[in-house]
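*Asks:* All residue numbers for the sequence shown refer to the numbering used here, where the first residue is 5 and numbers rise by one.
Built from N, CA and C at the ideal position, the CB exists for glycine as well.
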Amino acid sequence: MAATTKQSVAKSRRTFPNVICSRAMAKNMYWVFISIIVMTNRCWGDDGHEMEEFLKREHSLTKPYQAVGSSISSHWELMGDAMTTTEQVRLTPDMQSKQGAVWNRIPCHLKDWELQVHFKIHGQGKKNLNGDGLAVWYTKERMQKGPVFGNTDFFTGLGVFVDTYPNEEKHLEAQKRRYTPRTQRIFPYVLAMVGNGTLGYDHERDGRPTELGGCTAMVRNLKHDTFLFIRYVRRRLTIMIDIDGQHEWRDCLDIPGVKLPEGYYFGASAITGDLSDNHDMISMKLYQLTVLRSKQEEEEEEEILIPSVDNLELLRGDVSEGGMSGLALFFTVLFSLLGCFLLLVIGLVLYSHWSENSRKRFY
Ligand SMILES: *[C@@H]1O[C@H](CO)[C@@H](O)[C@H](O)[C@H]1NC(C)=O
Ligand SMILES: [Ca+2]
5 MAATTKQSVA KSRRTFPNVI CSRAMAKNMY WVFISIIVMT NRCWGDDGHE
55 MEEFLKREHS LTKPYQAVGS SISSHWELMG DAMTTTEQVR LTPDMQSKQG
105 AVWNRIPCHL KDWELQVHFK IHGQGKKNLN GDGLAVWYTK ERMQKGPVFG
155 NTDFFTGLGV FVDTYPNEEK HLEAQKRRYT PRTQRIFPYV LAMVGNGTLG
205 YDHERDGRPT ELGGCTAMVR NLKHDTFLFI RYVRRRLTIM IDIDGQHEWR
255 DCLDIPGVKL PEGYYFGASA ITGDLSDNHD MISMKLYQLT VLRSKQEEEE
305 EEEILIPSVD NLELLRGDVS EGGMSGLALF FTVLFSLLGC FLLLVIGLVL
355 YSHWSENSRK RFY
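#1: Please confirm whether L241 and I259 have their CB atoms less than 7 Å apart.
#2: On a CA-only basis, which of R224, R209, Q120 is nearest L133? Give me that one, please.
#3: Let's see if you can read the secondary structure: which residues bound the beta strand (DSSP E) around N108?
#4: Whose C-alpha, out of T160, D136, F159, E81, is nearest the C-alpha of T170?
#5: Are there 16 or more other CB atoms within 10 angstroms of the CB of Q70, so buried, or fewer, so exposed?
#6: G104 and S340 look like a contact to me (Cβ under 8 Å); what is the Cβ gap, rounded to whole Å?
#7: Given a cut-off of 7 Å on the beta-carbon distance, is the pair F153 and L138 in contact?
#8: Would you list the residues whose beta-carbon is nearer than 5 Å to any heavy atom of ligand 2, in the order they occur in the chain?
#9: Locate the beta strand (DSSP E) running through E81, then write down its first and last residues.
#10: Examine ligand 1 and report whether any of its heavy atoms sits within less than 6 Å of the Cβ of L310.
#11: Can you tell me where the alpha helix (DSSP H) holding N171 begins and where it ends?
#12: Identify, in the order they occur along the chain, each residue of the same chain with its Cβ nearer than 8 Å to the Cβ of T220, setting aside the five sequence neighbours on each side.
#13: With respect to 6 Å, is the separation between the Cβ of N200 and the closest non-hydrogen atom of ligand 1 below this value?
#14: Between which two residues does the beta strand (DSSP E) harbouring K289 extend?
#15: Do the segment 303-315 and the segment 262-270 touch if we need at least three Cβ pairs shorter than 8 Å?
#16: Return the chain-ordered list of same chain residues with a C-beta closer than 6 Å to the C-beta of V72, the five sequence neighbours on each side being excluded.
Here is the structure:
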């Protein structure tokens, strides 16, 4: 039951970010749109395509997990301290110095896809006395141990981290230095990085030097289900989270110009150090998205060989301000409008008062 609700919510949510008008509205404004399409067809073509989706079983990890790791016929393989139970694939138990991973055996050759990750992070540790987090991968490499949430550093592809320990903050705190508010963040923090094989993940700085962006996500020790949603469509990377138990996706990151080659592997990994947590994967569901492309678009899209992100410098400079200024602009406009409205109302009241008074004066 919960699963179906979830799905339909996800589905309706899915069409929403790019298309400003809802379906109902779209229906009402059908003829308006038709004429707009006729006039500006290129513009509409970008975001208005209907998308169909198909669950790809060979790239999805779902219950029951019996065969996972133990059978060669399974699409998934376990590594390190990871183990399956009836309820989850536990990447690490709540114990020190563990690392584990689960990897898809089959390379993914889809152009447009979305991954819905149902996960759970829980443990005995109090806030910030737990670690280190988990990661979801779409990479060239697979089944390699390492320091980046249990995966190899200098990876090639996409990593999405749920980082539960604020290394940089703790480090600066220990030195009795303050972090600037600009870089301060609340953990757990979801962060995305695209590696090209030569870029390293800076663990001490929680990945700040190479981040594409991210968001705070209070995901530990929750009673309800927590989900991460990664969508890759037309080279646009969108990450959303559903962690409040409301079956609603919240935006976390949305970046165009992300170039990821085809034929990489999906996986998930986790690591604990001095501090620990249970890092559980309950499901990873991969959907193929069918996006209509024009002939011209097909021809323009050259094959991607090395992962990269367009205008990365620009993005970095604007990571915090960019998000803020959009929001700030929104509120500025909103409050200006409200202000104008208020002034208008006050003006009308004063005017009616004045005219009443002046009328009284005449009598
Ligand atoms: C990887 O990215 C870095 C930083 O953007 C760049 O300096 C480097 O040349 C890239 N390496 C490859 C192999 O593309
Ligand atoms: Ca960290």
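*Replies:* Quick answer:
#1: As a first step, residue 241 is located in the sequence shown; it is residue number 237 there, counting from the start. As a first step, residue 259 is located in the sequence shown; it is residue number 255 there, counting from the start. Yes. Within cutoff.
#2: The residue you call residue 133 lines up with position 129 of the sequence shown. For L133, the nearest C-alpha among the options comes from R224.
#3: Against the sequence shown, residue 108 aligns to sequence position 104. Following the DSSP letters along the chain, one finds N108 inside the beta strand (DSSP E) bounded by residues 103-108.
#4: Reading the sequence shown from its first residue, position 166 is the one you call residue 170. In the sequence under discussion, the amino acid at residue 170 is Pro, which differs from the Thr named in the question. By alpha-carbon distance to P170, the top candidate from T160, D136, F159, E81 is D136.
#5: Counting from one through the sequence shown, the residue named residue 70 turns up at place 66. By the C-beta density criterion, Q70 is exposed, having fewer than 16 other C-beta atoms within 10 angstroms.
#6: Along the sequence shown, one-based indexing puts residue 104 at 100. Along the sequence shown, one-based indexing puts residue 340 at 336. Wrong, their Cβ atoms sit about 53 Å apart, outside the cutoff.
#7: Taking the first residue of the sequence shown as position 1, residue 153 is located at position 149. Taking the first residue of the sequence shown as position 1, residue 138 is located at position 134. It is a contact, given that the beta carbons lie within the stated cut-off.
#8: In chain order, the hits are D167, Y169, N171, D210.
#9: The count along the sequence shown starts at 1 and reaches residue 81 at position 77. Where E81 is concerned, the enclosing beta strand (DSSP E) starts and stops at 80-84.
#10: As a working note, residue 310 is residue 306 in the sequence shown. Reading off the sequence shown, one finds Ile at residue 310, where the question assumed Leu. At least one heavy atom of ligand 1 lies less than 6 Å from the C-beta of I310.
#11: Position 167 of the sequence shown holds residue 171. Element bounds for N171: 171-178.
#12: What you label residue 220 is simply residue 216 of the sequence shown in a count that begins at 1. Counting only Cβ-Cβ distances below 8 Å, and skipping sequence neighbours, we find R189, I190, F191, P192, Y193, V194.
#13: On the sequence shown, residue 200 is found 196 positions in, with the first residue counted as 1. Yes, since a heavy atom of ligand 1 falls inside the 6 Å radius drawn around the Cβ of N200.
#14: Looking up residue 289 in the sequence shown gives position 285. Looking at the DSSP string, the run of the beta strand (DSSP E) that includes K289 is 282-294.
#15: In short, these stretches touch, since the Cβ pair count reaches three.
#16: Position 68 of the sequence shown, counted from the start, is the residue given in the question as residue 72. Cβ neighbours of V72 beyond the five flanking positions: S78, W80, T88.
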